[in-house]
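Number of protein chains: 2
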Amino acid sequence: MTFPSDPRIAVVGATGAVGRVMLNILAERRFPASEVIAFASARSEGQKVPFGDDFLTVRVLDQTAFEGVDLVVLDTPDEVAELVAPQAVAAGAVVIDKSAAFRMRPEVPLVIPEVNPESVRGHRGIISSPNCTTVGVVMPLAPLHRRFGLTRAIVSSYQATSGAGRGGVEELHEQVLKLVSEVEALSAGGGESLAPKPALFAAPIAFNILPQIGSLRDGGFSSEEEKLTLESRKIMGLPDLAVTATCVRVPTVTGHGASVYVEFAEAVDVDEALEILAGSPGVEVDELPNPLQAAGTDSCYVGRIRQNPSDPNSLCFFTVTDNLRKGAALNAVQIAELLLPPA
Amino acid sequence: MTFPSDPRIAVVGATGAVGRVMLNILAERRFPASEVIAFASARSEGQKVPFGDDFLTVRVLDQTAFEGVDLVVLDTPDEVAELVAPQAVAAGAVVIDKSAAFRMRPEVPLVIPEVNPESVRGHRGIISSPNCTTVGVVMPLAPLHRRFGLTRAIVSSYQATSGAGRGGVEELHEQVLKLVSEVEALSAGGGESLAPKPALFAAPIAFNILPQIGSLRDGGFSSEEEKLTLESRKIMGLPDLAVTATCVRVPTVTGHGASVYVEFAEAVDVDEALEILAGSPGVEVDELPNPLQAAGTDSCYVGRIRQNPSDPNSLCFFTVTDNLRKGAALNAVQIAELLLPPA
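Those protein sequence lines, which keep their order, are chains A and B. Just so we're aligned: 163 in this note's numbering is position 178 of the first sequence, and the numbers increase by one with no gaps anywhere. Just so we're aligned: 102 in this note's numbering is position 117 of the second sequence, and the numbers increase by one with no gaps anywhere.
Structure (structure tokens):
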């Protein structure tokens, strides 16, 4: 099965937070698609979504949806991906899946193109793109690992509401509108009752932080924390890497932050680490990485690079990445670019 | 020098974020003061500040300000505290200082009343109250240390804007008002230029996070991070404790959060750790500690208690504390209560 140089592409979940950015990025990068077809759920049927200077009419998946389609990019809930991906593969398409449904299957490559592009080669129809938080953390960790040998990581995240989809941003927006006139009063307490009832999040997110993302698993780690641990191991090929994550939702719109503390097999020279990061594709060293700056851009920003003075094998840094772009849509488009035959 | 059972108290910095809360708490707890006098800078002279059901008229410090005063509570910048504290001691008052000016001096007790009340005894006129972030982290760490022997801590903070004073909250408020209509647009980038020019913070704080608080010191740690390290060591009597902190400002009003990863000399049973925390004064175990819930209350909330499965001597948790109350004003009032003669 050779991949064409001008594939027909189906984007499933085209009206979602990531789906819309996906269409933007395909247009921006002039991806050589012969056609791009936008699919979404029934309630979006017939809706127009922007694609470059053009608009696409949203269609609903049916039995013949993937006929003649070369590439299907899925940005759907896990349950939908589990149903749709095998259908797409059966129809002869390659699937790039943004969901968690297939990421940990041994036969499915889990790919960050700057880190492990070679793993795409062995695919059997489905290629997974990692969770948005994983991408932002592994982008700087992988080049450091190649030099110093990563032994463990302790990560605390600062995740934006768009990571929960358009509904996450809408919930933040609605609550901020309600609470902005009460800012002075919030210190006195009662902020929880002043805020509109949360729907998507477990408690109000406006002017708040919520230190749990996803459901709790055995041992008290959340599903989001488990993803970061397992996916980081798979992408870097370190099956026993000790990763301890704490994933926290913060009231930002786009741009996931992470405070990263790592230990290596070898002593780390901080200046050398900085040089390695500055020279890594997709990574940009910055004094004060922050979500407002990162949103809408393609880089993984890394700053506050320093060392625990009591451990010469340690390094800590702060990193911020647009979770919709490099954390999701851009990474998927870069995977698609790996599939194109050499020009 | 015996401390009276009905001291005359001067609150210096009474119009600030912490000063106002201080007056509230003195009234709430019916602190047995014979008089409370409010001092602030010249631009607040004559202003009325609430004190219980009453109001105090703000005065400006002069040569005779501390005559007949038994207790001076300082909530001022370090430079002001350095000038005023010795004057207050010379006038015969005991000083409880909220600033960083004296915290690390060997002769000055640095006190969290639930943790090291005994250290008040040796004071020579000045007693320091710790930085707001330190209080919230040491409250749960100290009882765990007594049982398991703390060997190192890795902390990432989520600090509210009121930690930077009333101006911090005002800057957040002003920027949120401006940006709330642009929430959808923030994902596309350009958020930094849409926001009003920052004054107190280095970049816009609305819908953003800023991974640096205070100025950078040798080794790349910030002054805020250095405080957490040095103060934690002093309060717990662990001069060599390895603390690696990353202090981050988030767009909340009140309630500092911290993601804490610690290692102990002994293996930790998670259920026992949970029992110890639940039984510790001032600590409350909670499923989802968050700033909106913590604001206006006196507890240090601790949740997400779990263990890195690859290290039986480790523990991690998330903690949130009202930075104006237990992180500052309440802690100072509790220190004052330690000074009162037994009833």
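Glycine included, C-beta positions come from ideal geometry on N, C-alpha and C.
Check	Outcome
Nearest-angstrom Cβ-Cβ length linking S370/B and T231/B, presumed shorter than 8 Å	A question about residue 370/B goes unanswered here, because the residues of chain B that appear run from -14 up to 328.
Residues bridged to S295/B (per DSSP)	According to DSSP, S295/B bridges with nothing at all.
Selection from E67/B, A18/B, C301/B and V(-4)/B that minimises the alpha carbon distance to V43/B	V(-4)/B
Within the stretch 46 to 77 of chain B, ranges of the alpha helix (DSSP H) (whole runs, at least 4 residues)	63 to 75
Partners in chain A for V187/B, counting only beta-carbon separations shorter than 8 Å	In the sequence as presented, Val is not what sits at residue 187/B; that position holds Ala. Per Cβ cutoff of 8 Å: L273.
Bounding residues of the beta strand (DSSP E) (the contiguous stretch that carries V413/B)	This structure leaves residue 413/B out entirely; chain B is present only between -14 and 328.
Residues within the stretch 234 to 249 of chain A neighbouring chain B, beta-carbon criterion of under 7 Å	V235, P236, T237, V238, T239, G242, S244 and Y246
Closer than 7 Å at the beta carbon, the chain C residues around Q197/B	Protein chains in the displayed structure are A and B, and chain C is not among them.
DSSP state of L179/A mapped onto helix, strand, coil	helix
DSSP three-state assignment for A328/A, whether helix, strand or coil	coil
Contact set for A191/B: own chain, Cβ-Cβ below 7 Å, skip 5 residues either direction	L157, Q160, V161, L164, A180 and P236
Any chain A beta carbon closer than 9 Å to T42/B	no
Exposure of F24/B, with buried meaning 16 or more beta-carbon neighbours within 10 Å	buried
Closer than 8 Å at the beta carbon, the chain B residues around H158/A	V165, V168 and E169
Every unbroken beta strand (DSSP E) within the stretch 207 to 254 of chain B, with a cutoff of 3 residues, ordered by chain	227 to 231 and 241 to 249
Per DSSP, the bridge partner or partners of K33/A	T42/A
V270/A - containing alpha helix (DSSP H), residue span	Counting along the chain, V270/A falls outside any alpha helix (DSSP H), though it belongs to the beta strand (DSSP E) covering V268 to V270.
Interface partners of F206/B on chain A, CB under 8 Å	R291
Inter-stretch contact at 8 Å, needing at least 3 Cβ pairs: the stretch 273 to 283 of chain A / the stretch 171 to 185 of chain B	yes
V79/B beta carbon less than 9 Å from that of L324/B	yes
Beta-carbon proximity of A138/A to T229/A, cut-off 9 Å	yes
Runs of beta strand (DSSP E) wholly within the stretch 105 to 157 of chain B (minimum 3 residues, chain order)	111 to 113 and 135 to 143
Whole-number beta carbon distance between D283/A and L315/A, since they are thought to touch under 8 Å	6 Å
G312/B in three-state terms, based on DSSP	helix
Contact with chain B by G134/A, beta-carbon distance below 9 Å	no
is_contact[S19/B, chain A] using C-beta, thresh 9 Å	no
Paired residues, beta bridge with T304/A - DSSP	A243/A and V287/A
Within 8 Å of chain A by C-beta, residues of the stretch 86 to 117 of chain B in sequence order	none
C-beta atoms of L59/A and A50/A nearer than 9 Å	no
Sub-9 Å separation of S217/B and V93/B beta-carbons	no
Per DSSP, cross-strand counterpart(s) of V21/B	I(-6)/B
Residue interval of the alpha helix (DSSP H) (run including L171/A)	V168 to L171
Within-9 Å CB hit, F36/B to chain A	no
Chain B contact for P294/A (CB, 9 Å cutoff)	yes
Terminal residues of the alpha helix (DSSP H) in which V3/B lies	A2 to E13
Status (buried if at least 16 other CB within 10 Å, exposed otherwise) for E210/A	buried
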